[in-house]
Amino acid sequence: MSHSVLFAPSSLHRRVRCPASGTMEAQIPDEAASIYAEEGTAAHKLGEQVLQRPEFMCVDYIGTEIHPGFMVDDEMAGYVQAYVDGIRELVGVDNLLWVEQKVSFSEYAPDGYGTSDAVVYVHDDKRLIVNDLKYGKGIRVDAQENEQLQAYGLGTVLKYTGILDIELVTLRIHQPRLDHISEWTVTLAEIYEFGDLLKSVAELVLSENPPFRPGEKQCRWCKAKAVCKPHAESNLTVITGGQVINFEDLTKPLDPVVPNALTNEQIAQLLPEIENISEWCSAIKAHAQHQLESGYEIPGYKLVRGRAGIRSWIDEAEAEKKLRNMRFKVNDIFVKKLITPAKSDKLLNKDQREKMSDLIRQPEGKPTIAPDSDKRPAINVKPDFENLESASA
Numbered sequence: 001m002s003h004s005v006l007f008a009p010s011s012l013h014r015r016v017r018c019p020a021s022g023t024m025e026a027q028i029p030d031e032a033a034s035i036y037a038e039e040g041t042a043a044h045k046l047g048e049q050v051l052q053r054p055e056f057m058c059v060d061y062i063g064t065e066i067h068p069g070f071m072v073d074d075e076m077a078g079y080v081q082a083y084v085d086g087i088r089e090l091v092g093v094d095n096l097l098w099v100e101q102k103v104s105f106s107e108y109a110p111d112g113y114g115t116s117d118a119v120v121y122v123h124d125d126k127r128l129i130v131n132d133l134k135y136g137k138g139i140r141v142d143a144q145e146n147e148q149l150q151a152y153g154l155g156t157v158l159k160y161t162g163i164l165d166i167e168l169v170t171l172r173i174h175q176p177r178l179d180h181i182s183e184w185t186v187t188l189a190e191i192y193e194f195g196d197l198l199k200s201v202a203e204l205v206l207s208e209n210p211p212f213r214p215g216e217k218q219c220r221w222c223k224a225k226a227v228c229k230p231h232a233e234s235n236l237t238v239i240t241g242g243q244v245i246n247f248e249d250l251t252k253p254l255d256p257v258v259p260n261a262l263t264n265e266q267i268a269q270l271l272p273e274i275e276n277i278s279e280w281c282s283a284i285k286a287h288a289q290h291q292l293e294s295g296y297e298i299p300g301y302k303l304v305r306g307r308a309g310i311r312s313w314i315d316e317a318e319a320e321k322k323l324r325n326m327r328f329k330v331n332d333i334f335v336k337k338l339i340t341p342a343k344s345d346k347l348l349n350k351d352q353r354e355k356m357s358d359l360i361r362q363p364e365g366k367p368t369i370a371p372d373s374d375k376r377p378a379i380n381v382k383p384d385f386e387n388l389e390s391a392s393a
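Heads up, the sequence shown is in full-length UniProt numbering, so the first residue is 1 and it goes up one at a time.
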C-alpha cells in the first residue's frame with residue numbers, strides 16, 4: 001500500500017484510532033466499488049459541473065449520464081442542487097470559490113493528499129470554508145473533530161498561506177439527503193495542532209509493530225475487519241458478557257450468559273456495540289462470498305444462484321414496434337407522468353413556486369433510534385399505559 005493510500009483523508013479516522021489498520025488493510029485486495037460509492041461519485045461530478053457553470057442548475061442535467069451507469073434523475077438533481085445552492089450562498093458576490101481543489105499535507109504524513117469538493121474564501125473575516133459533500137444517507141456525519149475535513153483544511157491552509165490572509169478555517173459537511181449541514185470553525189493554531197497529531201500518528205503507523213486499537217468508529221469501514229483477530233476478540237468479549245476471548249484457545253466452552261431480562265440500563269450499554277457487531281458479521285459474510293467467488297473453498301458452504309432480477313426490454317424500440325403491430329392502444333403501452341416538484345423548479349418563477357407549494361408533500365423521516373449526542377430533536381412518545389393495563393387485566 002502506497003503512502004498516498006495509507007494516509008488518504010478518508011482513512012485518517014482509522015489511522016488515528018488504530019495505527020495497525022494501515023498494515024492490515026495493505027494485505028487486503030481492493031474490491032469493486034459499491035453501487036453506493038459509484039452513486040456518490042456521480043453526485044460529486046454533478047455538483048462539480050454545476051458549480052463551475054454559474055448559469056446552470058442541476059435540473060439541466062436530468063437525463064444525462066454523469067458517470068458510467070448513472071443518469072441524473074429528479075432525485076439526484078434535487079439533492080445536489082441543495083448542496084450547490086449552499087455553496088453559491090457562501091460565495092455571494094465578492095468571495096472566492098475553488099472547485100475540486102487538490103491539496104497536500106505530505107509534510108505531516110508521507111504522500112498525504114486529497115481533493116476538497118469546494119473551498120470558499122470569505123474576505124470579511126479572512127476565513128477559508130472547506131466544504132465536503134456527503135451524498136450517502138446511511139450515517140449522519142458531523143464536522144467537529146472530523147479527521148478527513150481537518151486534513152482538507154490543513155492542506156488548504158498550506159496551499160494558500162502567503163497568497164491569502166487567513167485567520168479562521170470553517171470545516172463544513174453537506175448531507176443533502178439527510179437535510180443535514182454541520183460546520184466547525186477552528187483557528188490556524190488548531191489546524192496546525194492537528195498537523196502535529198497527524199505527524200505522530202504517521203510515525204506509529206509506519207513503525208515496525210503498530211498497535212491495534214479496535215473500536216466502533218475505526219473498524220466500521222476497515223477493509224480488514226472480517227479477518228482482524230483483535231477486532232474479533234473485542235466483539236466476542238462483548239457478546240460473552242465480558243469474558244476475554246483469545247483465538248489461541250477456542251476449544252474451551254464459554255460460560256453461559258443468559259439473563260432473565262435485560263434492564264433498560266443494560267440495553268443502553270449494549271446499543272453502542274450492536275451496530276459494530278452487526279457490521280462485523282456482515283463483513284465476514286461478504287469476505288466469505290468473495291473467497292468463494294475467487295475460487296477458494298469455505299468448508300460447508302457453496303455459491304448458489306439467487307433470485308432472478310427484474311425483467312426489462314432488450315430493445316425498447318423493437319418491443320414498441322411489435323406491441324403496436326398487435327394493435328394495442330398507445331395509452332396501454334405507454335405511461336404518461338407529471339413532472340416532479342424538483343423538475344418543476346426549473347420551469348417556475350418564485351411566485352409560481354409559492355402557488356404550487358401547497359400541492360407538494362414530503363414525507364417525514366421514519367423514527368429511528370439515536371444516541372443522546374445526536375443533534376436532531378427527540379420525538380416525544382408517551383408510554384401507552386392503557387394498553388399495558390388492559391393486557392395485564
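Ideal Cβ positions, reconstructed from N, Cα and C, are used throughout, including at glycine.
Inter-residue CB distance, residue i and residue j (contact presumed, cutoff 8 Å)
i: D111; j: F194; result: Between F194 and D111 the Cβ distance is about 18 Å, and since that is not below 8 Å, they are no contact.
i: A143; j: S182; result: 4 Å
i: R14; j: Q218; result: 5 Å
i: I66; j: L46; result: 5 Å
i: Y121; j: N95; result: 6 Å
i: F212; j: C18; result: 6 Å
i: V84; j: D345; result: V84 to D345, Cβ: 12 Å. No contact.
i: residue 397; j: G136; result: Lying outside 1 to 393, the shown extent of the chain, residue 397 is not represented and no answer is given.
i: E25; j: K223; result: 5 Å
i: A370; j: R361; result: No, A370 and R361 are not in contact; Cβ-Cβ is about 25 Å, not under 8 Å.
Euclidean distance between Cα positions of residue i and residue j
i: Y113; j: G69; result: 28 Å
i: D374; j: E275; result: 16 Å
i: Q148; j: I173; result: 11 Å
i: P363; j: W98; result: 35 Å
i: K229; j: V93; result: 55 Å
i: V258; j: N264; result: Only weak support exists for where V258 lies, its pLDDT of 39 falling under 50; the value from the coordinates is given anyway. Their Cα atoms are separated by approximately 16 Å.
i: A118; j: H44; result: 10 Å
i: P367; j: I379; result: 8 Å
i: Q49; j: E55; result: 11 Å
i: V80; j: K336; result: 26 Å
i: L178; j: L133; result: 12 Å
i: E38; j: A283; result: 20 Å
i: A33; j: L323; result: 39 Å
i: P299; j: I28; result: 21 Å
i: L198; j: V16; result: 8 Å
i: V91; j: S312; result: 45 Å
i: I310; j: E316; result: 15 Å
i: T240; j: R53; result: 57 Å
i: E318; j: N331; result: 18 Å
i: D351; j: I314; result: 44 Å
i: T185; j: H123; result: 16 Å
i: S278; j: D196; result: 35 Å
i: A268; j: A286; result: 29 Å
i: E354; j: D372; result: 37 Å
i: S294; j: S11; result: 26 Å
i: Y296; j: W221; result: 24 Å
Beta-carbon spacing of residue i, residue j below 8 Å
i: L158; j: S207; result: no
i: R140; j: T170; result: no
i: S116; j: T161; result: no
i: residue 422; j: A342; result: Any question about residue 422 goes unanswered here, given that the chain covers just 1 to 393.
i: L188; j: I163; result: no
i: M57; j: T64; result: no
i: P176; j: E216; result: no
Own chain, CB closer than 8 Å to residue i, minus 5 neighbours either side, in chain order
i: W280; result: C219, K225, A226, H231, A232, N235
i: N260; result: In this prediction, N260 scores a pLDDT of 44, lower than 50, which makes its location untrustworthy; the coordinate-derived value is nonetheless stated afterwards. Cβ within range, chain order: n/a, list empty.
i: K302; result: L292
i: M356; result: P341, S344, L348
i: D125; result: E167, L168
i: A42; result: I66, H67, F70, V72, M76
Same chain, Cβ closer than 6 Å to residue i, neighbours up to 5 away in sequence not counted
i: A202; result: A109
i: G153; result: V130, V169, L171, I191
i: T340; result: D74
i: K102; result: T115
i: V304; result: none
Residues near residue i in its chain [Cβ-Cβ closer than 7 Å; skip 5 each side]
i: R9; result: Reading off the sequence, residue 9 comes out as Pro, not Arg. Correct list, in chain order: G114, Q148, A151, Y152.
i: V5; result: none
i: E31; result: H290
i: A20; result: P210, P211, F212
i: E100; result: E48, T115, D117
With a floor of 4 residues, list each alpha helix (DSSP H) that falls wholly inside the region 270 to 347, ordered by position along the chain. Every unbroken stretch of the alpha helix (DSSP H) spanning 4 or more residues and falling wholly within the region 270 to 347 is given here in chain order: 316 to 325, 330 to 333, 341 to 347.
Just list the beta strand (DSSP E) runs in the region 117 to 196, keeping only unbroken ones of 3 residues or longer that don't cross its boundaries, in chain order. For the region 117 to 196, whole beta strand (DSSP E) runs of length 3 or above, ordered along the chain, are 127 to 133, 168 to 175, 180 to 187.
Which complete alpha helix (DSSP H) runs does the region 52 to 93 hold, if anything under 4 residues is left out? Counting only runs of at least 4 residues, the region 52 to 93 fully encloses the following alpha helix (DSSP H) elements, listed from N- to C-terminal order: 74 to 91.
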